[in-house]
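Residue 168 in full-length UniProt numbering sits at position 168 of the sequence shown; the count goes up by one each step and never skips.
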Amino acid sequence: MRRVSLYRHAKSSWDDPTLEDFDRGLSKRGQKSAPAMGGFISEEGLKPDLVLCSPSQRTRDTFELTFGEDHAPELRFDERLYHASSATMLDLLRHLPPEMRHVMILGHNPGLHALALDLFSQGESDAVEAICRKFPTCGLAVIDVELDDWRALGVGEGYLRLFMTPKLLPERAELPV
Numbered sequence: 001m002r003r004v005s006l007y008r009h010a011k012s013s014w015d016d017p018t019l020e021d022f023d024r025g026l027s028k029r030g031q032k033s034a035p036a037m038g039g040f041i042s043e044e045g046l047k048p049d050l051v052l053c054s055p056s057q058r059t060r061d062t063f064e065l066t067f068g069e070d071h072a073p074e075l076r077f078d079e080r081l082y083h084a085s086s087a088t089m090l091d092l093l094r095h096l097p098p099e100m101r102h103v104m105i106l107g108h109n110p111g112l113h114a115l116a117l118d119l120f121s122q123g124e125s126d127a128v129e130a131i132c133r134k135f136p137t138c139g140l141a142v143i144d145v146e147l148d149d150w151r152a153l154g155v156g157e158g159y160l161r162l163f164m165t166p167k168l169l170p171e172r173a174e175l176p177v
């Protein structure tokens with residue numbers, strides 16, 4: 001079995017209109033949401049083996065606030081993930097080494113949402129209902145796929161295990177990862 005986690009960057013800041021889109025950091029809300037999601041990821045045992053991350057500032061900030069420095073998973077930046085389509089991300093996943101069992105893509109909409117919808121054909125009913133509506137900032141989709149080799153990853157083969165957003169998190173203190 002392989003697991004794909006799709007994690008959208010936290011809410012970005014629009015405070016400085018002179019910044020290019022690529023260079024925008026996180027808003028105050030985003031700075032609170034990412035550590036809260038990090039606590040959830042840690043509590044639920046969802047830390048991936050590898051994070052493939054867009055190199056934009058907001059995705060970098062989201063990674064740092066979600067995972068911290070001490071127990072962060074392996075991180076690889078890939079420029080193709082900035083404004084990537086579902087097809088581009090699917091191709092990246094198909095080229096992963098076989099020893100990677102759980103991989104997270106930390107990226108952007110609309111491509112991330114499209115990939116999530118492309119990857120699963122079944123799932124937990126509440127998760128399916130929520131993700132079909134929207135994939136908000138700091139949203140996390142976890143999709144399990146029954147395969148032994150990433151090269152065999154196809155559309156509609158996954159099972160949506162869960163979909164979590166900061167607004168859906170149970171009341172909890174922000175926990176370190």
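For glycine and all other residues, C-beta sits at the position ideal for the given N, C-alpha and C.
- According to the DSSP secondary-structure assignment, residue 120 is paired through a beta bridge with 158.
- Beta-bridge pairing by DSSP links residue 141 to 6, 163.
- In this structure, DSSP gives residue 20 a state outside helix and strand, which the three-state scheme calls coil.
- The secondary-structure analysis by DSSP pairs residue 26 across a beta bridge with 12.
- Judged by DSSP in its simplified three-state form, residue 113 adopts helix.
- Between the alpha carbons of residue 91 and residue 143 lies a gap of roughly 16 Å.
- In terms of Cβ geometry, residue 127 and residue 114 do not form a close pair [threshold 9 Å].
- Residue pairing of residue 39 in beta bridges, as defined by DSSP: absent, with no partner found.
- Take residue 102, set aside five residues on each side of it, and the residues of its chain with a beta-carbon closer than 6 Å to its own are 3, 48, 49, in chain order.
- Approximately 5 Å separates the beta-carbon atoms of residue 93 and residue 153; this is inside 8 Å, confirming the contact.
- Contact fails between the region 160-170 and the region 16-24, because fewer than three Cβ pairs, one in each stretch, are under 8 Å apart.
- Residue 81 has its alpha-carbon roughly 8 Å from the corresponding atom of residue 55.
- Take residue 124, set aside five residues on each side of it, and the residues of its chain with a beta-carbon closer than 7 Å to its own are 160, 161, 162, in chain order.
- Following the DSSP letters along the chain, one finds residue 58 inside the alpha helix (DSSP H) bounded by residues 57-67.
- Under the three-state reduction of DSSP output, residue 74 falls in the strand class.
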